[in-house]
Amino acid sequence: MNERVKEKCELLADNFLLISKEFKWELEMMSIIAASIYTNAGLKADPAKMRECLGILKKKKGLFSDLRGTAELALLSKMAISNAPENYLDEVIGVYDKVTKGHIFTSAFMVQSAMLICDRHLVGKADEIIKKTEKIMKKMNKEHPILTGSEDLPLATIMAMLPGDPDALVEEMENCYELLKKEFPMHKNAVQGLCQVLTMSSQAAEDKCGKVMAIFNALKERKDKFGKDTEIAALGSLVDLDMDAAAIADEIGEASRLLKEHKGFGNFRLGKEYRAMFAAFEVADVFGGEQKPDSSILGSSIAVVIAEEIMIALIAASTAAAASSSTN
590 MNERVKEKCE LLADNFLLIS KEFKWELEMM SIIAASIYTN AGLKADPAKM RECLGILKKK
650 KGLFSDLRGT AELALLSKMA ISNAPENYLD EVIGVYDKVT KGHIFTSAFM VQSAMLICDR
710 HLVGKADEII KKTEKIMKKM NKEHPILTGS EDLPLATIMA MLPGDPDALV EEMENCYELL
770 KKEFPMHKNA VQGLCQVLTM SSQAAEDKCG KVMAIFNALK ERKDKFGKDT EIAALGSLVD
830 LDMDAAAIAD EIGEASRLLK EHKGFGNFRL GKEYRAMFAA FEVADVFGGE QKPDSSILGS
890 SIAVVIAEEI MIALIAASTA AAASSSTN
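The sequence shown maps to residues 590 to 917 in the working numbering.
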């Protein structure tokens, strides 16, 4: 097991304990995401600083604001690791207001979209990115009206940061979708999310889709089977690593087994599939960070940022589904 991957996994587990102890009433998965944000920054979690940031957030937004919902812990983590937490929050609020303009219904996905723009230091281009994102979403909805929903917004926002017009970007996504849908016939919505991530790689569709399946099958052969639901999109963050599928699978498997030894990451609390996903995040972070960035957005550890957004979207979608079922 790579020593840096081991260190990252240990830091993730330690950060989770620190955050979950301070924010006891939050969903454990959200605490892991917050821990992942700190870990990706190479920092030890600072729950006291997060609590201070919560005070700032409460002064600016009420309990029923989207910023106080599913993405709250992620927002607090990002505020806490920024040089100026209140300024960061003001930027997020400003971009969020732009994202929600003209929409009757809002969601945590719009908060994610705003944070992505701020995290990439593209606030000055927010209007341009939001407009391009809306075009991508409309094109996706035209291609797949049943599959496309608000949960696709964060990844569509990242797609909008790429060069190329919306039609070309969605066409590339569709090329990948056509190649992968037969591999996961019962999980077409998850495949669409995976293909959004794959659009961010400059490789040919056949090559990057082939790499995804090679990694997936290599994990299966090692009895480290990866989940087929929304979490499968995380595999897209690994396709540009300068490693073969077997080596990637070995690292993910070893990282997953290491995480299993820590509180909060066992089969009962987290589940094997999600644990493997977080292990994949750390592998992408370490080996992606060692490579020289290229023209692809996946050329560096930005891949982990994408993976974090996938996870927040998954929790938000699960929460919304639970709320819907409780009213029926």
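All C-beta atoms, glycine included, are put in the ideal place defined by N, C-alpha and C.
Would you check if the distance between the CB atom of residue 773 and the CB atom of residue 731 is smaller than 8 Å?
-> Here residue 773 is taken as the residue at index 184 of the sequence shown, counted from 1. Here residue 731 is taken as the residue at index 142 of the sequence shown, counted from 1. Not in contact: residue 773 and residue 731 (Cβ atoms no closer than 8 Å).
Between residue 743 and residue 699, what straight-line distance do the alpha-carbon atoms span, to the nearest angstrom?
-> If you number the sequence shown from 1, residue 743 lands on position 154. If you number the sequence shown from 1, residue 699 lands on position 110. Roughly 7 Å separates the two Cα atoms.
Exposure label - residue 655; buried when at least 16 CB within 10 Å | Reading the sequence shown from its first residue, position 66 is the one you call residue 655. Classification for residue 655: buried.
Can you find at least 3 beta carbon pairs, one from the stretch 735 to 749 and one from the stretch 773 to 789, that sit closer than 8 Å?
-> yes
Of the residues 734, 724 and 687, which one's Cα is nearest the Cα of residue 712?
-> In the sequence shown, the residue the question calls residue 712 occupies position 123. Residue 712 has its Cα closest to that of 687, out of 734, 724 and 687.
Only counting runs of 4 or more residues, tell me where the alpha helix (DSSP H) segments fall wholly within the stretch 838 to 884, in order along the chain.
-> 861 to 879
Do residue 746 and residue 782 have their C-beta atoms within less than 8 Å of each other?
-> The residue given as residue 746 occupies position 157 in the sequence shown. The residue given as residue 782 occupies position 193 in the sequence shown. Their beta carbons are not under 8 Å apart, which means residue 746 does not touch residue 782 by this criterion.
Using 8 Å as the threshold, is the stretch 717 to 725 in touch with the stretch 800 to 813, meaning 3 or more CB pairs across them?
-> no
C-beta atoms of residue 669 and residue 704 nearer than 8 Å = On the sequence shown, position 80 is the one that residue 669 refers to. On the sequence shown, position 115 is the one that residue 704 refers to. Not closer than 8 Å, so no.
Label residue 866 either buried or exposed according to how many other C-beta atoms from any shown protein chain fall within 10 Å of its C-beta, with 16 as the threshold for buried.
-> Residue mapping note: residue 866 aligns to position 277 of the sequence shown, counting from 1. Classification for residue 866: buried.
If we count the other Cβ atoms within 10 Å of its Cβ and call it buried at 16 or more, is residue 864 buried or exposed?
-> On the sequence shown, residue 864 is found 275 positions in, with the first residue counted as 1. By the 10 Å Cβ count, residue 864 comes out buried.
Which stretch, first to last residue, makes up the alpha helix (DSSP H) that contains residue 558?
-> The requested residue 558 is not part of the displayed model; the chain covers only 590 to 917.
Distance between residue 717 and residue 791 (C-alpha atoms, nearest Å) | The residue given as residue 791 occupies position 202 in the sequence shown. The residue given as residue 717 occupies position 128 in the sequence shown. Cα to Cα, the separation comes out at about 22 Å.
Going by beta carbon distance, what residues of the same chain come within less than 6 Å of residue 761, once the five residues before and after it are set aside?
-> Residue numbering aside, residue 761 sits at position 172 when the sequence shown is read from its first letter. Correct list, in chain order: 788.
Hey, residue 597 and residue 875 are a contact pair by Cβ (cut 8 Å); roughly how many whole angstroms apart?
-> Here residue 597 is taken as the residue at index 8 of the sequence shown, counted from 1. Here residue 875 is taken as the residue at index 286 of the sequence shown, counted from 1. Indeed they touch by this definition, with Cβ atoms about 6 Å apart.
What's the gap between the Cα of residue 728 and the Cα of residue 756?
-> Counting from 1 along the sequence shown, the entry for residue 728 is found at position 139. Counting from 1 along the sequence shown, the entry for residue 756 is found at position 167. Distance between the alpha carbons of residue 728 and residue 756: 7 Å.
Closest residue to residue 648 among 667, 751, 624 and 675 (Cα-Cα distance) | Start at 1 with the first residue of the sequence shown, and residue 648 comes out as number 59. When each option's Cα is compared against that of residue 648, the closest is 675.
Run through DSSP, which three-state label would residue 811 get?
-> Residue mapping note: residue 811 aligns to position 222 of the sequence shown, counting from 1. Coil at residue 811, not helix or strand.
Pick helix, strand or coil for residue 695, following the three-state DSSP scheme.
-> Start at 1 with the first residue of the sequence shown, and residue 695 comes out as number 106. Looking at residue 695 - three-state DSSP - the assignment turns out to be coil, as it is neither helix nor strand.
Separation of residue 823 from residue 646, as counted between CA atoms = Taking the first residue of the sequence shown as position 1, residue 646 is located at position 57. Taking the first residue of the sequence shown as position 1, residue 823 is located at position 234. Each residue's alpha carbon lies about 30 Å from the other.
Residue 832 by DSSP, collapsed to three states: which one?
-> Against the sequence shown, residue 832 aligns to sequence position 243. Three-state DSSP puts residue 832 in coil, outside helix and strand.
Through-space distance from residue 810 to residue 628, alpha-carbon basis = By one-based count along the sequence shown, residue 628 stands at place 39. By one-based count along the sequence shown, residue 810 stands at place 221. So the alpha carbons of these two residues sit roughly 29 Å apart.
With DSSP collapsed to three states, give me the class of residue 658.
-> Residue numbering aside, residue 658 sits at position 69 when the sequence shown is read from its first letter. Note: residue 658 maps to coil in three-state DSSP.
Can you name, in chain order, every residue of its own chain whose Cβ lies under 6 Å from the Cβ of residue 630, other than the five neighbours on each side?
-> Sequence index remark: in the sequence shown, residue 630 carries index 41 (1-based). If we look at residue 630 and ignore the five residues flanking it on each side, its Cβ neighbours are 670.
Validate contact between the stretch 598 to 607 and the stretch 844 to 861 using beta carbons, cut 8 Å, 3 pairs = yes
For residue 830, count neighbouring Cβ atoms within 10 angstroms of its own Cβ and tell me buried if that reaches 16, exposed if not.
-> Here the question's residue 830 lines up with position 241 in the sequence shown. Residue 830 is buried by the Cβ-count criterion.
My understanding is that residue 838 touches residue 871, with C-beta atoms under 8 Å, so please give their C-beta distance in whole angstroms.
-> For the purposes of this step, residue 838 is identified with residue 249 of the sequence shown, where counting begins at 1. For the purposes of this step, residue 871 is identified with residue 282 of the sequence shown, where counting begins at 1. Contact flag wrong, Cβ pair sits at about 14 Å.
Reference residue 663, options 836, 615, 690 and 692, closest by Cα = Position 74 of the sequence shown, counted from the start, is the residue given in the question as residue 663. Closest option to residue 663, Cα to Cα, is 615.
Go ahead and pull the three-state DSSP assignment for residue 781.
-> Your numbering for residue 781 matches position 192 in the sequence shown. Looking at residue 781 - three-state DSSP - the assignment turns out to be helix.
Quick one: using the 10 Å Cβ neighbour count with 16 as the cut-off for buried, is residue 726 buried or exposed?
-> Numbered from its first residue, the sequence shown carries residue 726 at position 137. Looking at its Cβ environment, which holds 16 or more other Cβ atoms inside 10 Å, residue 726 is buried.
For the alpha helix (DSSP H) holding residue 721, just list the boundary residues, first then last.
-> Counted from its first residue, the sequence shown places residue 721 at position 132. Counting along the chain, the alpha helix (DSSP H) containing residue 721 begins and ends at 715 to 732.
Spatially closest choice to residue 813 from 768, 869 and 693, by CA coordinates | Working through the sequence shown from its first residue, we reach residue 813 at position 224. For the residues 768, 869 and 693, the minimum Cα distance to residue 813 belongs to 869.
For residue 609, the three-state DSSP class (helix, strand or coil) = Counting from 1 along the sequence shown, the entry for residue 609 is found at position 20. Three-state result, residue 609: helix.
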